[in-house]
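**Q** Chains as they are written, first to last, in the working numbering: chain X, 66 to 234; chain L, 21 to 404; chain G, 153 to 568; chain B, 381 to 565. The beta carbon of each residue, even a glycine, is placed where N, CA and C say it ideally should be. Keep in mind it's a predicted model, so treat the numbers as computed, not measured.
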Amino acid sequence: MTPVATPFFFYFLAALTLLSAILVITRKNAVHSALALILGLLAQAGLYLMLYAPFVAGVQIILYAGGIMVLFLFVIMLVNLERSQKEEQFNRQKVAGTLAAIALGGLFVAVFIRGKALFPASSNQIAEGSNTQQVGELLYGQYMFAFEIASLLLLVAIIGAVVMAKKRI
Amino acid sequence: MPDSTPHPSPLELGSPDKTFLDSNELILNMGPQHPATHGVLRVILKLDGEKVLGVECVIGYLHRGVEKIGENRTYAMFNPYVDRMDYVAAVSNGLGYCETVEKLLQIEAPPRANYIRVILTELNRLASHMLWLGTHALDIGAMTPLFYTFRDREEILKIFEKYCGARLTTHAFRIGGCLYETYDGFEHDVKKFIDFVPPKIDEYEELLTSNRIWVERTKNVGNISAADCKALGVTGPVLRASGVKWDIRKALPYAAYPDFDFEIPVGANGDTYDRYLVRMQEMRQSLRIIRQAVEGLPEGPIMAKVPKVMKPPAGEVYHSIEAPKGELGYFIVSDGSTQPYRVRVRPPSFVNLQALDLMVRGQLVADVIAVIGTLDIVLGEVDR
Amino acid sequence: MLDYVTSYLSSNTTPGQAGNLVWALIYILIVFGGVSVAVMAMNWLERKALAHFQIRLGPMRVGPHGLLQPIADAIKLLTKEDIIPERADRLVFWIAPLIILCASFAVYVVIPFGPTHAITDLNIGILFMLGVSSLSVLGVVMAGWASNSHYPLIGSLRSSAQMISYEVAMGLAVVSAILMTSLNPSGTGTLSMIGIVEAQQQQQIWYLFKFFPLGFIAFAIFAIAMVAETNRAPFDLPEAESELTAGFHTEYSGLRWSLFMLGEYAAMIAVSSIAVTLWLGGWLRPFPNALTGATWDLAFSLFPGFLFLSLAAVAWVGVIRMPKHPYFRIQTLGLAGFGSVLGLIGLVLFVPPVRDRIQDIFWFTAKVAFFMYMYIWYRATFPRYRFDQLMRVGWKVLLPISLAVLIGTAVAGMVL
Amino acid sequence: MSEETKSPPPGSAGEPKPAGQPWLSPLVTKLKTRYGSGVLEASTSLGQNCLVLDSSIAHEILNILSEEEEFDYCVDITAVHYPKREKPFDLVWILYSFPRNQRLRVKTMLAEQESFPSSIPIWSGTNWLEREVYDMFGIRFDGHPDLRRILLPEDWKGHPLRKDYGIIEQDQEWVQTNLGIESGQ
């Protein structure tokens, strides 16, 4: 498959991600913030697709946009919105926060400019069509142990959450 | 009644200033316009998530002052009004009223009139139960039985229409007997009907009785014990489903009921499923009564000697019949004039509806619907 | 440019894989248009079939046997006043139906109606389908919240809880089918929708019958979960009209409400397509093993044409039985026209090139239609589950069974 | 048609005197020995038994009827208004005993503004029945947990089943403020 209008889609998705990220922190209504976050996550999934990583994109949609964010929305919707609307959007640390963000951004730009040599553009083209298989082989081959440890950790977290949330077991 | 649950105290219905994430409580208003409240019943539910903490019924939307009207009409003039109370069982209402006034006048309807009364009343019981089944099943989500029951109820209404010209508010009986002689082919129609219905009842049962979802939705839902039933005054199929073998047709017989052989179906657990079974059995028993009545329909007059101007001697009388929904009673005080001094109707739906709160506490919202359906209320009768 | 267009015809892949934008666009239009028509047809069929289950006639007035009823409904819905509740969140209220609609239509991008009849064939096809269809939960939650009313809120909470729970069992059932694809001669499984059907072709067995009864159980779990996933009877609690009036879309009316309906029916067709693809051999014709040979292939390829001809015959019988009264003239003409169109389609389907290209689509559609009929049948027969029972069925019955089936399939795949 | 057009009820107190025979039964004897003149009348007419009790002991007797005499089902509570009488209200209980298969009517007379102890502790089902009596007659029940109007709107004025409330009478003000219409009466 020959890619079509790649730069356009890249900048479009990147802009969408940035815009929605900004909306997430500037919206007063928490539900709107959550929706903006979902939009950002979907745009990110699009970026993954452009990187020939469809499996990661699919997982991004299923887990983040479809699963986690729905639970997020659930909680936010049950919170009293009127009260949260009256609260102040940013606290006193906003200056420090902005500075930190600018510093981090500067760092990224510096790395991008200075370290161009470190990250050669599109050096390793992954064969299309076998991405999922490769992910599978890596996860269940080379990184088996780490993967299983992570699952165990998640299991413990789930049990912990159930124990904490339930009034009586 | 030491072993009955004390009646729950009324809800404290404050406006919920907290969201229900904070307080776990949610006030949900159901009705008066709601598809499952069977009319203009308003139920205020206090919920914890989906669990019901309590309900409060707001009734009276259909209040027409039937009792006041009764005091201002002559005995005969009031007769059509009673049909408008429980409008799906108008014949039963009429029977109860006519018999009460007859008691006051100390006259008795002739046997043929009594047989006709029994046939029509039992047909009406079938019609009422069919309507109940259809709407109850629809509430629980089974759409199809509704149309089946309406198809078969239609046959009953056709018989009513041929007999007295009206289908719903029949005004079929008069004080002292029946106004109309049976039409030609009445017996044939009724016999045809009682042969036609049993397979149809089997059909309903096929759809519901052993349907897993139906059983899960109705078993152990809205349980009420026999002691609670008696304490709350709940009568009719609800009481019988709790295991009390009590039916006014047997306990204090009226009309021609002593002549017939039938059984009183009872349940064991007093849950919604038992009430369903009891009513299904009652439909079959009604068919049995109708068959006996139509086969033994005596000849003779259909009207007792009733004075032109009805002036019952001063006195008072309470008389009740087994309406499809429970004990339907009339308490009439006469002062010797042409109009009753006081007419009191004891409506079964009104008293039964009171049990709703007890039956749904601790259950889920969906069960409230099932329980309202299983109580088989008619708001025309609750509000009068 | 013309070369660009015609070059695809010989490529023998989906337009997406061939990278042919023109054909991709054409396919998108055909598929989305087809789905919209199918939704309308389903609407009519549901009302009609349900009516006949319930000894009624159903729509009879608009067109012969109410055939034009969906169009009349559409016009009514489009011209209806558009109401937004005063204290609703207008933006979210606006987007919610669109999300549901987009989510259920985007799924069709990867549905294979035939070996080359799909918009595209994604490497992660089935994953994409599950992912995108799970996004419709968002629409439900947003609709319920934005209406700012109790019934929709409870309805949306119920339905999102329900959809999330049943997705788990559904996903596990899907995984056990995907596991079977790895038993291919090539040794690697696939997530591609076309690949899954081709694997069934290569293994010469529909996964419904593979490792009997394992495949069948997985299929049954999916068939139950998909009804719950699309919020249909007997799992239609979110829309339980006797309790919550209309659930999450209580406050919606007119066009936006019709978008919900469109999304719901499109999702029903979509999940049925997944079931057909995974377990019923997708576009493969029935009895591929028992009735083999060129003669049987020809016989089965003639089937679509005959079906349409017989439908035309039914319509014409209806025309003959119509009362000969001026009042019915338009109705009779309409039915005759409809019958003629059906007959014409039937004749066209006998033309060899069309026949060869269309029969895949026909068998796929026929299998999906079976599921749609089942949907109607369920609705006519079953009462509604209660919420806790529904959750219990999802988590305590379907989930363990599907896990067991998954393990069983893995073991069977290793041993056999 | 209000009570003016009615023929004046016979009897000096304005109460229709039922033509009943005295009712003799162990129950009556027992109550009469225990309460003496508190049991004003025990009659049976048209095959129905009726006890007329003094309002001061009626509640106690109801209790006894429920606990000792197995009248475990309170069929109905209602009232009758006799405006010309000194104690204008008859409060009527209709009781039934499942074990005895017997019905019993208990009456007591109440003065205007006189309240009566609620029977909810005896039969919990009397809650709504008492509310209806309150709604229609304005008789108050002491100890009732929720004595509000039940069929009429809560801020309605008047008690419609009293004889001085005409058949076409209405709470004009309520109709106007709540329904926004002139009542057509």
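Using a cut-off of 7 Å between C-beta atoms, extract the partners of G/Q541 located in chain L.
**A** Taking the third sequence and counting its residues from 1, one reaches residue 541 of chain G at position 389. Per Cβ cutoff of 7 Å: E236.
**Q** Which of the three DSSP states, helix, strand or coil, is assigned to L/R93?
**A** The residue you call residue 93 of chain L lines up with position 73 of the second sequence. Three-state DSSP puts L/R93 in coil, outside helix and strand.
**Q** Determine which residues of the segment 110 to 123 of chain X have a Cβ less than 9 Å from any Cβ of chain G, and write them out in chain order.
**A** Of all residues in the segment 110 to 123 of chain X, A110, P119, F120, A122 and G123 have a Cβ within less than 9 Å of some Cβ in chain G.
**Q** Under a CB-based cut-off of 9 Å, is L/F206 close to chain G?
**A** Taking the second sequence and counting its residues from 1, one reaches residue 206 of chain L at position 186. Closer than 9 Å: no.
**Q** Can you tell me whether X/M209 is buried or exposed? The criterion is at least 16 other CB atoms within 10 Å of its CB, across all chains shown.
**A** Here residue 209 of chain X refers to the residue found at position 144 when the first sequence is read from its first residue. Exposed: under 16 other Cβ atoms inside 10 Å.
**Q** In angstroms, rounded to a whole number, what distance separates the CA positions of G/K362 and G/P386?
**A** Position 210 of the third sequence holds residue 362 of chain G. Position 234 of the third sequence holds residue 386 of chain G. Computed Cα separation, rounded: 29 Å.
**Q** Near B/W473, what residues of its chain come up, given a Cβ to Cβ distance below 6 Å and the 5 sequence neighbours on each side ignored?
**A** What you label residue 473 of chain B is simply residue 93 of the fourth sequence in a count that begins at 1. Excluding positions up to five away in sequence, the list reads I457 and V486.
**Q** Alpha carbons only, please: which of B/I502, B/L509 and B/I547 is nearest the one belonging to B/Q446?
**A** Indexing the fourth sequence from 1 puts residue 446 of chain B at position 66. In the sequence as displayed, the identity of residue 446 of chain B is Ser instead of Gln. Ranking B/I502, B/L509 and B/I547 by Cα distance to B/S446 puts B/I502 first.
**Q** Roughly how many whole angstroms lie between the Cα atoms of L/R299 and L/P257?
**A** Looking up residue 299 of chain L in the second sequence gives position 279. Looking up residue 257 of chain L in the second sequence gives position 237. Answer to the nearest angstrom: the Cα atoms are 6 Å apart.
**Q** Report yes if the CB atom of L/L307 is closer than 9 Å to the CB atom of L/L146, and no otherwise.
**A** For this step, residue 307 of chain L is matched to residue 287 along the second sequence. For this step, residue 146 of chain L is matched to residue 126 along the second sequence. Yes, Cβ-Cβ distance for L/L307 and L/L146 is below 9 Å.
**Q** Give me the Cα-Cα distance between B/G546 and L/T292, rounded to the nearest whole angstrom.
**A** Locating residue 546 of chain B in the fourth sequence gives position 166, where the first residue counts as 1. Locating residue 292 of chain L in the second sequence gives position 272, where the first residue counts as 1. Those two C-alpha atoms are separated by around 44 Å.
**Q** Using a Cβ-Cβ distance under 9 Å, would L/D42 count as near chain G?
**A** For the purposes of this step, residue 42 of chain L is identified with residue 22 of the second sequence, where counting begins at 1. Residue confidence for L/D42 is low, a pLDDT of 45 falling below 50, so the modelled location carries little weight and cannot support an answer.
**Q** In chain B, what lies closer than 9 Å to L/K66 by C-beta?
**A** Residue mapping note: residue 66 of chain L aligns to position 46 of the second sequence, counting from 1. Chain B residues near L/K66: none, gap ~15 Å exceeds 9 Å.
**Q** Indicate the three-state DSSP secondary structure (helix, strand or coil) for L/K66 in the structure shown.
**A** Here residue 66 of chain L refers to the residue found at position 46 when the second sequence is read from its first residue. Correct three-state label for L/K66: strand.
**Q** Quick one: residues in its chain with C-beta nearer than 7 Å to the C-beta of L/K239, no 5 flanking neighbours on either side, listed in chain order?
**A** Mapped onto the second sequence, residue 239 of chain L falls at position 219. Excluding sequence neighbours, L/K239 sits near D291 and Y293.
**Q** Just to make sure I have the definition right: I need the residues of chain G whose C-beta is within less than 7 Å of the C-beta of X/Q198. Which are they?
**A** The residue labelled residue 198 of chain X in the question sits at position 133 within the first sequence. T340, listed in chain order.
**Q** So what does L/L384 bridge to, in DSSP terms?
**A** The residue given as residue 384 of chain L occupies position 364 in the second sequence. L/L384 is bridged to L/K71.
**Q** Compute the distance between the beta-carbons of G/G283 and X/A130, then report whether it is under 9 Å.
**A** Locating residue 283 of chain G in the third sequence gives position 131, where the first residue counts as 1. Locating residue 130 of chain X in the first sequence gives position 65, where the first residue counts as 1. Cβ distance < 9 Å, so G/G283 and X/A130 count as in contact.
**Q** Could you say if the segment 80 to 99 of chain L and the segment 359 to 372 of chain L meet the contact criterion of at least three C-beta pairs nearer than 8 Å?
**A** Segments in contact, yes.
**Q** With a threshold of 8 Å, establish whether the CB of L/V254 neighbours any heavy atom of the ligand SAM.
**A** Questions concerning the ligand SAM fall outside what the structure shown contains, since it holds no ligand whatsoever.
**Q** Counting along the chain, where does the alpha helix (DSSP H) carrying L/R137 start and finish?
**A** Taking the second sequence and counting its residues from 1, one reaches residue 137 of chain L at position 117. Start and end: P131 to I160.
**Q** Along the chain, where does the beta strand (DSSP E) that runs through L/D281 open and close?
**A** By one-based count along the second sequence, residue 281 of chain L stands at place 261. Premise fails: L/D281 is in no beta strand (DSSP E) and is neither H nor E.
**Q** Enumerate in chain order the residues of its own chain whose CB-to-CB distance from L/C184 is below 6 Å, with the five nearest sequence positions on each side excluded.
**A** Within the second sequence, the letter at position 164 stands for residue 184 of chain L. Around L/C184: T190, A192 and Y200.
**Q** How about G/S410 and G/G367: are their beta carbons less than 9 Å apart?
**A** Position 258 of the third sequence, counted from the first residue, corresponds to residue 410 of chain G. Position 215 of the third sequence, counted from the first residue, corresponds to residue 367 of chain G. Result no, Cβ atoms of G/S410 and G/G367 do not sit closer than 9 Å.
**Q** List the DSSP bridge partners of X/Q198.
**A** In the first sequence, the residue the question calls residue 198 of chain X occupies position 133. Paired residues: none, contrary to the question.
**Q** Give the secondary structure of L/H339 by DSSP, where H, G and I count as helix, E and B as strand, and everything else as coil.
**A** For the purposes of this step, residue 339 of chain L is identified with residue 319 of the second sequence, where counting begins at 1. Residue state, collapsed to three classes: strand.
**Q** For a quick check, are the C-beta atoms of L/I352 and L/L124 less than 9 Å apart?
**A** As a working mapping, residue 352 of chain L is identified with position 332 in the second sequence. As a working mapping, residue 124 of chain L is identified with position 104 in the second sequence. In this structure, L/L124 lies closer than 9 Å to L/I352 by Cβ.
**Q** Could you compute how far the alpha carbon of G/A419 sits from the alpha carbon of G/S256?
**A** Here residue 419 of chain G is taken as the residue at index 267 of the third sequence, counted from 1. Here residue 256 of chain G is taken as the residue at index 104 of the third sequence, counted from 1. One C-alpha to the other measures close to 5 Å.
**Q** By the 10 Å Cβ neighbour count, where 16 or more other Cβ atoms means buried, how is B/Q493 classified, buried or exposed?
**A** What you label residue 493 of chain B is simply residue 113 of the fourth sequence in a count that begins at 1. Looking at its Cβ environment, which holds fewer than 16 other Cβ atoms inside 10 Å, B/Q493 is exposed.
**Q** Please check if any C-beta of chain B sits within less than 9 Å of the C-beta of L/L395.
**A** The residue you call residue 395 of chain L lines up with position 375 of the second sequence. Answer no: the Cβ-Cβ gap between L/L395 and chain B never drops below 9 Å.
**Q** My output table needs one value for B/Q352: the three-state DSSP class, helix, strand or coil.
**A** The shown model of chain B, from 381 to 565, leaves out residue 352 of chain B, and the question about it has no answer.
**Q** Please name the residue or residues paired with B/W473 in a DSSP beta bridge.
**A** Position 93 of the fourth sequence, counting from 1, holds the residue named residue 473 of chain B. Bridge partners of B/W473: B/I457 and B/V486.
**Q** Where in the segment 205 to 292 of chain L do unbroken runs of the alpha helix (DSSP H), each at least 4 residues long, occur, reported from the N-terminal end onward?
**A** Correct list: 206 to 228, 232 to 238, 246 to 252, 257 to 261 and 268 to 271.
**Q** Measure the alpha-carbon distance for L/L41 versus L/L67 and round it to whole angstroms.
**A** As a first step, residue 41 of chain L must be located in the second sequence, where it is residue number 21. As a first step, residue 67 of chain L must be located in the second sequence, where it is residue number 47. Since pLDDT at L/L41 reaches only 42, below the 50 mark, its modelled position is unreliable, and the value read off the structure follows with that caveat. Their backbone Cα atoms lie some 12 Å apart in a straight line.
**Q** Please confirm whether G/G283 has its beta-carbon closer than 9 Å to some beta-carbon of chain X.
**A** Along the third sequence, one-based indexing puts residue 283 of chain G at 131. With 9 Å as the cut-off, G/G283 counts as an interface residue toward chain X.
**Q** Counting only Cβ pairs nearer than 8 Å, list the residues of chain B close to L/H58.
**A** The residue you call residue 58 of chain L lines up with position 38 of the second sequence. None at all; the shortest Cβ gap to chain B is about 17 Å.
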